[in-house]
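1 is the number of the first residue of the sequence shown in UniProt numbering; add one for each residue after it. Where is the CB? At the ideal position from N, CA and C, for every residue including glycine.
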Amino acid sequence: MKLAVIGAGAIGGWLTAGFIEAGAEATVLARGATLDALRASGLGFDDGTSARRYPVTATDNPADLRGADVLLLGLKAHDLPKLAPLIEAALGLQTTVVAAINGLPWWYFEAFGGPAQGLHLNTIDPGGVLARLIPADRVVGAVVHAASFVEAPGNIRLVAANRVLLGDAGKGREASDIARQLARGGIPAVMTDEIHRDVWSKLWGNSNMNPLSALSRADLSSMLDDYGVRRLAITMMREMSDVGARIGLTGFDDVEARIETTRKLGAFRTSMLQDVEAGRTLELDPILGALVELARKLDVPTPVMDGVYGLARLLDQSLQGKTS
Numbered sequence: 001m002k003l004a005v006i007g008a009g010a011i012g013g014w015l016t017a018g019f020i021e022a023g024a025e026a027t028v029l030a031r032g033a034t035l036d037a038l039r040a041s042g043l044g045f046d047d048g049t050s051a052r053r054y055p056v057t058a059t060d061n062p063a064d065l066r067g068a069d070v071l072l073l074g075l076k077a078h079d080l081p082k083l084a085p086l087i088e089a090a091l092g093l094q095t096t097v098v099a100a101i102n103g104l105p106w107w108y109f110e111a112f113g114g115p116a117q118g119l120h121l122n123t124i125d126p127g128g129v130l131a132r133l134i135p136a137d138r139v140v141g142a143v144v145h146a147a148s149f150v151e152a153p154g155n156i157r158l159v160a161a162n163r164v165l166l167g168d169a170g171k172g173r174e175a176s177d178i179a180r181q182l183a184r185g186g187i188p189a190v191m192t193d194e195i196h197r198d199v200w201s202k203l204w205g206n207s208n209m210n211p212l213s214a215l216s217r218a219d220l221s222s223m224l225d226d227y228g229v230r231r232l233a234i235t236m237m238r239e240m241s242d243v244g245a246r247i248g249l250t251g252f253d254d255v256e257a258r259i260e261t262t263r264k265l266g267a268f269r270t271s272m273l274q275d276v277e278a279g280r281t282l283e284l285d286p287i288l289g290a291l292v293e294l295a296r297k298l299d300v301p302t303p304v305m306d307g308v309y310g311l312a313r314l315l316d317q318s319l320q321g322k323t324s
């Protein structure tokens, strides 16, 4: 299998290592120090028990990716729209796109069914550029439950791997094959027939814990030990449950059980907290802004989500030296 990769970071790099372990030939789009490192010594991967290096073809020309069987997108979701020209240059006519991104993805409502069928959210796909470029029928959605980080350019360290859920976003039938390929490469990947529900389930926790951690500069344990922050998170989860119920995503009611599951992660520092500390742009719109926009379109009141989104957006603007 020929694999093309845009975004070989913490998660994308881990999945790339799994694909190569299963026999794939990988071409990775990179730049700067990462490009230099990949060209010099390949992709480094350390899972805590062994360290390995995998050969890759590293390039800064997206046209070199064209013709791949699979294009893996491991980017921050908010970067996708502005990188659409690079993605377009990399896509072949038969390329399947594996989207390993956080938040509500651009393809989510294209084949959703029910009252939200075909709904467009400008917060995640301004102008619909991604929907036109990568229709759902070409997409395998990935919900990643794992923790990893970039130890150095071109080098990935895995901290914890729970599972990777892969499901066909539209009428395609590639998810099962992709899951088997990754499983052969040591990734705990399984195929799901409920990718929309699985995306929503992960977001049910991320949409509150991530922005609240960015605002408080606190880890999960510290936030959940604080009565006020915990109540904020619970209220946000209940508001998201109300939005989900309006579009047929029911069963997200046991908020306290989900909070206790989150508590088991201990003093975990969310990706958004890490972005704040590094001064990076926050992945805010895919994780919370899209839900706020969706709630408005459905006329579902979400006052706490709205307020937290507004505060986090102002924080993001201050980090980037912008004004509203």
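What is the residue span of the alpha helix (DSSP H) that residue i lies within?
i       : result
Ile-195 : 195-216
Arg-180 : 175-184
Met-237 : 227-246
Ala-257 : 255-263
Met-272 : 271-278
Ala-4   : Segment 2-6 is the beta strand (DSSP E) holding Ala-4; no alpha helix (DSSP H) there.
Ile-87  : 84-90
Does chain B have any CB closer than 8 angstroms to the CB of residue i?
i     : result
Ala-4 : Checking the listed chains, one finds no chain B in this structure; it contains a single protein chain.
Please find out if some non-hydrogen atom of the ligand SAM comes closer than 7 angstroms to the beta-carbon of residue i.
i       : result
Val-190 : Although the ligand SAM was asked about, the structure shown includes no ligands whatsoever.
Taking DSSP as the reference, what is the three-state secondary structure of residue i?
i       : result
Gly-12  : helix
Lys-171 : coil
His-145 : strand
Thr-152 : Note that residue 152 corresponds to Ala in the displayed sequence, not to Thr. Correct three-state label for Ala-152: strand.
Thr-34  : helix
Val-300 : coil
Ala-111 : coil
Phe-268 : coil
Ser-318 : helix
How should residue i be labelled, buried or exposed, when 16 other C-beta atoms within 10 angstroms of its C-beta is the threshold for buried?
i       : result
Glu-293 : buried
His-78  : buried
Pro-211 : buried
Tyr-108 : buried
Ala-312 : buried
Gln-94  : exposed
Glu-239 : buried
Leu-316 : What sits at residue 316 in the sequence shown is Asp, not Leu. By the neighbour-count rule (16 or more Cβ atoms within 10 Å), Asp-316 is buried.
Ser-324 : Confidence is the limiting factor: at Ser-324 the pLDDT is only 48, short of 50, which leaves the residue's position unreliable and the question unanswerable from this model.
Specify, as a first and last residue, the run of the beta strand (DSSP E) that residue i falls within.
i       : result
Ile-156 : 155-168
Glu-25  : 25-29
Leu-133 : It is not in any beta strand (DSSP E) - Leu-133 instead sits in the alpha helix (DSSP H) that spans 129-133.
Compare the beta carbon distance of residue i and residue j with 8 angstroms and say whether it is the shorter of the two.
i           : j       : result
Leu-43      : Gly-154 : yes
Ala-169     : Ile-195 : yes
Met-272     : Leu-265 : no
Leu-29      : Thr-59  : yes
residue 353 : Glu-25  : Given that the chain is displayed from residue 1 to residue 324, the structure contains no residue 353 and the question cannot be resolved.
Thr-96      : Asp-69  : yes
Ile-156     : Ala-10  : yes
Thr-235     : Val-304 : yes
residue 329 : Ala-131 : Absent from the structure is residue 329, since the part of the chain shown begins at 1 and ends at 324.
Ala-267     : Thr-123 : no
Ile-187     : Gly-18  : yes
Leu-224     : Arg-230 : yes
Met-191     : Gly-167 : yes
Ala-90      : Ile-6   : yes
Which residues does DSSP list as the beta-bridge partners of residue i?
i       : result
Tyr-54  : Leu-43
Leu-288 : DSSP, once it has assigned bridges, lists no residue as partnering Leu-288.
Thr-59  : Leu-29
Met-191 : Leu-166
Val-308 : DSSP lists no partner for Val-308.
Leu-73  : Ile-6, Ala-99
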